[in-house]
Amino acid sequence: MVAGPPRRLISVVQAWASLLCSKYGAGFLATRPSRFQPPGSLKCFLGALKMEMAGVSLKRGYVVVEDSDCAGPTEEIKKQKVLERCLPEAGDGLDSHCLPSSDTEPQPPEVGSAGKGKKNSGAPLEEEEEEDGFSEEGEEEEEAESFAEMMKHGLTELDVGITKFVSSHQGFSGILKERYSDFIVHEIGKDGRISHLDDLSVPVDEEDPSEDAFTVLTAEEKQQLEELQLFKNKETSVAIEVIEDTKEKRTIIHQAIKSLFPGLETKTEEREGKKYIVAYHAAGKKALAKVRTAADPRKHSWPKSRGSYCHFVLYKENKDTMDAINVLSKYLRVKPNIFSYMGTKDKRAITVQEIAVLKISAQRLAHLNKCLMNFKLGNFSYQKNPLKLGELQGNHFTVVLRNITGTDDQVQQAMNSLRDIGFINYYGMQRFGTTAVPTYQVGRAILQNSWTEVMDLILKPRSGAEKGYLVKCREEWAKTKDPAAALKKLPVKRCVEGQLLRGLSKYGMKNIVSAFGIIPRNNRLMYIHSYQSYVWNNMVSKRIEDYGLRPVPGDLVLKGATATYIEEGDVTNYSIHDVVMPLPGFDVIYPKHKISEAYREMLTADNLDIDNMRHKIRDYSLSGAYRKIIIRPQNVSWEVVAYDDPKIPLFNTDVDNLEGKPPPVFASEGKYRALKMDFSLPPSTYATMAIREVLKMDTSIKNQTQLNTAWLR
Numbered sequence: 000m001v002a003g004p005p006r007r008l009i010s011v012v013q014a015w016a017s018l019l020c021s022k023y024g025a026g027f028l029a030t031r032p033s034r035f036q037p038p039g040s041l042k043c044f045l046g047a048l049k050m051e052m053a054g055v056s057l058k059r060g061y062v063v064v065e066d067s068d069c070a071g072p073t074e075e076i077k078k079q080k081v082l083e084r085c086l087p088e089a090g091d092g093l094d095s096h097c098l099p100s101s102d103t104e105p106q107p108p109e110v111g112s113a114g115k116g117k118k119n120s121g122a123p124l125e126e127e128e129e130e131d132g133f134s135e136e137g138e139e140e141e142e143a144e145s146f147a148e149m150m151k152h153g154l155t156e157l158d159v160g161i162t163k164f165v166s167s168h169q170g171f172s173g174i175l176k177e178r179y180s181d182f183i184v185h186e187i188g189k190d191g192r193i194s195h196l197d198d199l200s201v202p203v204d205e206e207d208p209s210e211d212a213f214t215v216l217t218a219e220e221k222q223q224l225e226e227l228q229l230f231k232n233k234e235t236s237v238a239i240e241v242i243e244d245t246k247e248k249r250t251i252i253h254q255a256i257k258s259l260f261p262g263l264e265t266k267t268e269e270r271e272g273k274k275y276i277v278a279y280h281a282a283g284k285k286a287l288a289k290v291r292t293a294a295d296p297r298k299h300s301w302p303k304s305r306g307s308y309c310h311f312v313l314y315k316e317n318k319d320t321m322d323a324i325n326v327l328s329k330y331l332r333v334k335p336n337i338f339s340y341m342g343t344k345d346k347r348a349i350t351v352q353e354i355a356v357l358k359i360s361a362q363r364l365a366h367l368n369k370c371l372m373n374f375k376l377g378n379f380s381y382q383k384n385p386l387k388l389g390e391l392q393g394n395h396f397t398v399v400l401r402n403i404t405g406t407d408d409q410v411q412q413a414m415n416s417l418r419d420i421g422f423i424n425y426y427g428m429q430r431f432g433t434t435a436v437p438t439y440q441v442g443r444a445i446l447q448n449s450w451t452e453v454m455d456l457i458l459k460p461r462s463g464a465e466k467g468y469l470v471k472c473r474e475e476w477a478k479t480k481d482p483a484a485a486l487k488k489l490p491v492k493r494c495v496e497g498q499l500l501r502g503l504s505k506y507g508m509k510n511i512v513s514a515f516g517i518i519p520r521n522n523r524l525m526y527i528h529s530y531q532s533y534v535w536n537n538m539v540s541k542r543i544e545d546y547g548l549r550p551v552p553g554d555l556v557l558k559g560a561t562a563t564y565i566e567e568g569d570v571t572n573y574s575i576h577d578v579v580m581p582l583p584g585f586d587v588i589y590p591k592h593k594i595s596e597a598y599r600e601m602l603t604a605d606n607l608d609i610d611n612m613r614h615k616i617r618d619y620s621l622s623g624a625y626r627k628i629i630i631r632p633q634n635v636s637w638e639v640v641a642y643d644d645p646k647i648p649l650f651n652t653d654v655d656n657l658e659g660k661p662p663p664v665f666a667s668e669g670k671y672r673a674l675k676m677d678f679s680l681p682p683s684t685y686a687t688m689a690i691r692e693v694l695k696m697d698t699s700i701k702n703q704t705q706l707n708t709a710w711l712r
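Residue numbers (numbering that gives the first Met the number 0): 0 to 712.
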């Protein structure tokens, strides 16, 4: 789920998020079983860094780490070791400037097969161990220090207007997302029910094949088809001779293969005067390349009595929603746009949500459970309609904050305040990126119609963590201003920088607007939404500073979808939970007190006219919206638990429950304490901002890095 992700940061986070996720990269850790087993230290340190960067697709792999701004010779040697340890595969497809956000739809990332690159990923580390001679703890501390050094250029909450708290309790420290499995999101559907994966069965359908279909194939034929389906011979085929050549017999064999082996397609062929049913894998390139005719179809027929959409619950680990849909579409050999959903979900988390897909059977979907890692599909049903973005009522969060320092009284006060008062509904840090070029700055330049500045902000060299090839691309751009030359430095062209450079090559340097238009619309708009969010955060902080946590005359409240003013005599009819503030635009009204002038002053300082938020280019015209300033979570509960092993899960997932795993049992005493909390939030609300209110800690990656480096020491 913000514009412009952290350039060099993304690289490192990619590597560490993969290495330190609870299931780890199986292929990598198989080669180095003991290297990353410190007592929670480095896992804590880097687990917390991800901080709900929804929408950024970080593949398994390793990435370049550099910081050319502040490195002496010794530091360069250290960073080179980190670089070598984290070097990525050239084609991992990570966007350096994708725009993650909890409430917006990210651009589909590139998808690789689940196990790609595992074989070689451990090799460079083995070579290093022989050369450098450092102890494992020393290396880990060194990497942590290097990463913290690179993150000093990142944004803090203060930079984006997040400055106030509503509670009076004393804050304490805790580690968020030490493991991605410490953060679980369950979607709340339009009917108010929380989505759970609790049924893997395929619904019985009156159009399902007859019992004969399950006995017509021999054991040997089933074995051959099973191997074909499991990708062992995906470019070959299995031919089954039709002994009794009747249409009914052929139909039964077709049905049997498609029912028992949903990953396969079938056709009838005549060979040397005999009829054969030929099965082949839908993912086989040769099979797909063949020209289809009416007599040789590839698509299954769809029963008329069945709803056109198969709805299912998707359980996913450590993948954002669009990345997951790309994986599903790849394995089903269909286009991603036949999937629909109600909201995007975090990447660094375990999430459960409802998905709908057009004319794909539950049998074919259920088959993916055998093929895919970190996914599970279930709770299938056939429906007439797809799902629509925004139809959900919200999300239910189960969050573990590990290694907390707060006393039981502090925790009690913090959670009581969260339940009774709530938290300021700030836009979270992932909305703004984390590098020295915040995404709201790009959005502001777009609104100012300053296209040369837009180009410069996206392409210029910058401080922070970024992939090596992006660093070289930026250096080439700064040196030559030649888009074609800079583009050659990018092995992956689908990042924002690559798309903009491709546009500049196509349309020329004098037509930046058209060049920028090559970037997908959602990504372009998230830049200006980031600027709106930046203004809103700053104005809400000022509103709370000036007027506190009470409604005052001139505040805005919603009646239906219409904003109205609170008049002097109506103040007692409202609470702070009713008050809304506008995101700037041409179709909103502003409060009738001094905050209205603060909006005007802020936009004027940014060379924008608050009375004319329409842009010459229609896409960039801001209509505005209203957002509640205080959110009170629902269904709040919590407990403090003790534990000794930082690697153990502290609650069961839906898959654990399906597999019959008993819930964890906690000792009364332990080395560490964790706060486990549950709460529900409406759409477009940031769980990290609720957690911020509990801990009273800066949730920025920059700050988390410094805190966790200190803790590591």
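Each residue gets a CB set at the ideal place from its N, CA and C atoms; glycine is no exception.
For residue i, the first and last residue of its enclosing alpha helix (DSSP H)
{"i": "residue 515", "result": "511-515"}
{"i": "residue 611", "result": "Residue 611 -> no alpha helix (DSSP H), and no H or E assigned at all."}
{"i": "residue 494", "result": "Segment: none, residue 494 is in no alpha helix (DSSP H) and carries neither H nor E."}
{"i": "residue 220", "result": "218-228"}
{"i": "residue 589", "result": "Counting along the chain, residue 589 falls outside any alpha helix (DSSP H), and DSSP gives it neither H nor E."}
Alpha-carbon spacing of residue i relative to residue j, whole angstroms
{"i": "residue 577", "j": "residue 613", "result": "29 Å"}
{"i": "residue 640", "j": "residue 350", "result": "23 Å"}
{"i": "residue 536", "j": "residue 629", "result": "12 Å"}
{"i": "residue 689", "j": "residue 228", "result": "46 Å"}
{"i": "residue 560", "j": "residue 345", "result": "28 Å"}
{"i": "residue 496", "j": "residue 476", "result": "11 Å"}
{"i": "residue 611", "j": "residue 585", "result": "6 Å"}
{"i": "residue 225", "j": "residue 185", "result": "34 Å"}
{"i": "residue 567", "j": "residue 551", "result": "8 Å"}
{"i": "residue 529", "j": "residue 445", "result": "11 Å"}
{"i": "residue 21", "j": "residue 401", "result": "With a pLDDT of 36 at residue 21, under the threshold of 50, the modelled position of that residue is not reliable, and the figure given next carries that caveat. Cα to Cα, the separation comes out at about 14 Å."}
{"i": "residue 187", "j": "residue 391", "result": "6 Å"}
{"i": "residue 650", "j": "residue 411", "result": "20 Å"}
{"i": "residue 218", "j": "residue 240", "result": "15 Å"}
{"i": "residue 695", "j": "residue 615", "result": "42 Å"}
{"i": "residue 259", "j": "residue 215", "result": "11 Å"}
{"i": "residue 668", "j": "residue 642", "result": "7 Å"}
{"i": "residue 575", "j": "residue 548", "result": "6 Å"}
{"i": "residue 443", "j": "residue 431", "result": "12 Å"}
{"i": "residue 332", "j": "residue 359", "result": "11 Å"}
{"i": "residue 356", "j": "residue 519", "result": "23 Å"}
{"i": "residue 198", "j": "residue 657", "result": "8 Å"}
{"i": "residue 699", "j": "residue 302", "result": "52 Å"}
Closest residue to residue i among the options (Cα-Cα distance)
{"i": "residue 339", "options": "325, 347 and 449", "result": "325"}
{"i": "residue 664", "options": "517, 455 and 647", "result": "647"}
{"i": "residue 556", "options": "590, 532, 584 and 534", "result": "590"}
{"i": "residue 312", "options": "396, 242 and 192", "result": "192"}
{"i": "residue 273", "options": "264, 259, 254 and 249", "result": "249"}
{"i": "residue 687", "options": "397, 223 and 263", "result": "397"}
{"i": "residue 159", "options": "644, 532, 669 and 615", "result": "532"}
{"i": "residue 437", "options": "451, 452, 456 and 419", "result": "456"}
{"i": "residue 511", "options": "521, 167, 499 and 602", "result": "499"}
{"i": "residue 379", "options": "352, 461 and 626", "result": "352"}
{"i": "residue 276", "options": "244, 301, 306 and 305", "result": "244"}
{"i": "residue 619", "options": "451, 447, 637 and 507", "result": "447"}
{"i": "residue 644", "options": "167, 177, 169 and 484", "result": "177"}
Start and end residues, beta strand (DSSP E) containing residue i
{"i": "residue 677", "result": "671-680"}
{"i": "residue 546", "result": "Looking at the DSSP string, residue 546 is not in any beta strand (DSSP E); the run it does join, the alpha helix (DSSP H), is 520-546."}
Proximity below 8 Å, CB of residue i to CB of residue j
{"i": "residue 238", "j": "residue 256", "result": "no"}
{"i": "residue 308", "j": "residue 387", "result": "no"}
{"i": "residue 565", "j": "residue 165", "result": "no"}
{"i": "residue 583", "j": "residue 621", "result": "yes"}
{"i": "residue 685", "j": "residue 439", "result": "no"}
{"i": "residue 682", "j": "residue 421", "result": "no"}
{"i": "residue 599", "j": "residue 609", "result": "yes"}
{"i": "residue 417", "j": "residue 635", "result": "yes"}
{"i": "residue 428", "j": "residue 156", "result": "yes"}
Cβ separation of residue i and residue j, assumed to be a contact under 8 Å, to the nearest whole Å
{"i": "residue 503", "j": "residue 482", "result": "4 Å"}
{"i": "residue 194", "j": "residue 652", "result": "Going by Cβ atoms, the distance from residue 194 to residue 652 rounds to 13 Å, so no, they are not a contact pair."}
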